Amino acid sequence: MENKQIKSTFLLGGDLEVNRIGFGAMRITGPQVWGMPENPQNSIDVLRRAVELGVNFIDTADQYGPFTSEQLIAEALHPYRKNLVIGTKGGLVRFGPWYDFNYDASPQHLQDALEGSLRRLKLERFDLYQLHRIDPGVPAEISFAFLQKAQQAGKIRHLGLSEVGVEDIKLAQQFFKVASVQNKYSVDSREWEPVLKYCEQQGIAFIPWFPMAGGDVHGIDTLQQVADGLKATKHQVALSWLYHHSNNILLIPGTSNVAHLEENMKTASLSLSAADKQKLDELYRPA
Numbered sequence: 003m004e005n006k007q008i009k010s011t012f013l014l015g016g017d018l019e020v021n022r023i024g025f026g027a028m029r030i031t032g033p034q035v036w037g038m039p040e041n042p043q044n045s046i047d048v049l050r051r052a053v054e055l056g057v058n059f060i061d062t063a064d065q066y067g068p069f070t071s072e073q074l075i076a077e078a079l080h081p082y083r084k085n086l087v088i089g090t091k092g093g094l095v096r097f098g099p100w101y102d103f104n105y106d107a108s109p110q111h112l113q114d115a116l117e118g119s120l121r122r123l124k125l126e127r128f129d130l131y132q133l134h135r136i137d138p139g140v141p142a143e144i145s146f147a148f149l150q151k152a153q154q155a156g157k158i159r160h161l162g163l164s165e166v167g168v169e170d171i172k173l174a175q176q177f178f179k180v181a182s183v184q185n186k187y188s189v190d191s192r193e194w195e196p197v198l199k200y201c202e203q204q205g206i207a208f209i210p211w212f213p214m215a216g217g218d219v220h221g222i223d224t225l226q227q228v229a230d231g232l233k234a235t236k237h238q239v240a241l242s243w244l245y246h247h248s249n250n251i252l253l254i255p256g257t258s259n260v261a262h263l264e265e266n267m268k269t270a271s272l273s274l275s276a277a278d279k280q281k282l283d284e285l286y287r288p289a
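Each number in my numbering corresponds to the 1-based position in the sequence shown with 2 added.
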């Protein structure tokens, strides 16, 4: 590895210290992010174990289920520990499994989404609320202005964005301080590298989603080779690469299985050699 100090925590928004390995709560819902899981107690057990293991940042969204993920988090963890940061997202409307959703970042929908999430999660204010997507049917300035007013009204502490470019972030910064950006990013998918670098410069948390591409990673053989050498799993290696790549990256690996959760939490202790890192760095081939 290159010589740099790897930090285990990050100051989200400049004032909320969170551990850099958090938990993504999309997969605690039913199959294909739709409905309740067959055994809700499994999801509750995973959430409680995550907090026991030191997770103090949980990422969710109102459209996971929809609403299911938020409901289960409240059932498992409320009343919340003092330092637990729960971030949710609004701006998408789910109609069915997987990708059966649509955009809606209109002020009216965002108002309903925000109030609904506060109610389900039993919160008076969100430490982090993220716009799930910029709606192509609504000027971004209108969505940003609503979020600015909601923050000024005391409903939101910090605001973030998801799946945005640098220019989108700069526009949002005219309305509020951007605390986080959540974009698709992994060892083999780095199209958003310029966004990561901008976030580094601005002190913005970068939260990669789909960090293992559901297991369908280009160069999976290389990942497995590195994993074998470290007596680890390829998932741990992919997460470790992200963890060591930049100190503003917050990991949110998700699972509905306690054993898998415990495996993911060992990522920070995995030490990649310079040779390992070079192999993994070379997996990405820009188009």
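We put the beta carbon where it would ideally sit given N, CA and C, even for glycine.
Everything numeric in this text was worked out from a predicted model, so none of it was measured.
Worksheet entry | Gly118 (DSSP reduced to helix, strand or coil) | The sequence position of residue 118 within the sequence shown is 116, counting from 1. DSSP places Gly118 in helix when its eight states are reduced to three.
Worksheet item: Helix, strand or coil: which one does DSSP assign to Thr200?
Response: Sequence index remark: in the sequence shown, residue 200 carries index 198 (1-based). Per the sequence shown, residue 200 should be read as Tyr rather than Thr. Three-state DSSP puts Tyr200 in a helix.
Discussion item. Here's the rule: buried if 16 or more other CB atoms are within 10 angstroms of the residue's CB, otherwise exposed. What is Tyr101?
Written reply: Here residue 101 refers to the residue found at position 99 when the sequence shown is read from its first residue. Counting Cβ neighbours within 10 Å, Tyr101 comes out exposed, since fewer than 16 surround it.
Worksheet item: Between Ser271, Leu263, Ala277, which lies nearest to Leu55 when the distance is taken from Cα to Cα?
Response: By 1-based counting over the sequence shown, the position of residue 55 is 53. The residue with the shortest Cα to Cα distance from Leu55 is Leu263.
Discussion item. Helix, strand or coil for Val183? Go by DSSP, reduced to three states.
Written reply: Along the sequence shown, read from residue 1 onward, the residue named residue 183 stands at position 181. In the structure shown, Val183 sits in a strand (DSSP, three-state: E or B).
Worksheet item: My guess is that Gln65 and Arg96 are in contact by the Cβ rule of under 8 Å, so how many angstroms apart are they, rounded?
Response: On the sequence shown, residue 65 is found 63 positions in, with the first residue counted as 1. On the sequence shown, residue 96 is found 94 positions in, with the first residue counted as 1. About 4 Å separates the two Cβ atoms, so the contact holds.
Worksheet item: So the alpha helix (DSSP H) Ile324 belongs to, where does it begin and stop?
Response: Examination of residue 324 is not possible in this model, given that the chain is present from 3 through 289 alone.
Worksheet item: Quick one: what's got a C-beta closer than 6 Å to Glu327's C-beta in the same chain, skipping five residues either side?
Response: No answer is possible for residue 327: it lies beyond the span of the chain, which begins at 3 and ends at 289.
Practice prompt. Check each candidate in Asn259, Leu282, Pro141, Asp114 and name the one with the smallest Cα separation from Ile46.
Written response: Start at 1 with the first residue of the sequence shown, and residue 46 comes out as number 44. Closest by alpha carbon: Asn259.
Item to complete: With DSSP collapsed to three states, give me the class of Leu125.
Response: Walking along the sequence shown from the start, residue 125 turns up at place 123. It is coil, neither helix nor strand.
Discussion item. If you reduce the DSSP assignment to three classes, tell me which class Phe12 lands in.
Written reply: Reading the sequence shown from its first residue, position 10 is the one you call residue 12. The answer is strand: DSSP assigns Phe12 an E or B state.
Worksheet item: Going by beta carbon distance, what residues of the same chain come within less than 6 Å of Asn104, once the five residues before and after it are set aside?
Response: The residue given as residue 104 occupies position 102 in the sequence shown. For Asn104, where only same-chain residues beyond five positions count, the Cβ hits under 6 Å are Val95.
Practice prompt. Grab me the residues of Ala147's own chain with a C-beta within less than 7 Å of its C-beta, minus the 5 sequence neighbours each way, in chain order.
Written response: Numbered from 1 along the sequence shown, position 145 holds the residue referred to as residue 147. Closer than 7 Å at Cβ, skipping near neighbours: Phe177.
Item to complete: Grab the span of the beta strand (DSSP E) containing Arg159 for me, first residue to last.
Response: Here residue 159 is taken as the residue at index 157 of the sequence shown, counted from 1. Per DSSP, Arg159 belongs to the beta strand (DSSP E) from 158 to 164.
Fill in: Leu163 and Ala174 closer than 7 Å at C-beta
Counting from 1 along the sequence shown, the entry for residue 163 is found at position 161. Counting from 1 along the sequence shown, the entry for residue 174 is found at position 172. Cβ distance < 7 Å, so Leu163 and Ala174 count as in contact.
Practice prompt. Can you give me the Cβ contacts of Gln150 inside the same chain, cut-off strictly under 6 Å, excluding the 5 residues immediately before and after it?
Written response: As a first step, residue 150 must be located in the sequence shown, where it is residue number 148. Here the set comprises Phe177, Phe178.
Worksheet item: Buried or exposed: where does Pro39 fall if 16 or more other Cβ atoms within 10 Å of its Cβ makes it buried?
Response: As a working note, residue 39 is residue 37 in the sequence shown. Per the 10 Å Cβ criterion, buried.
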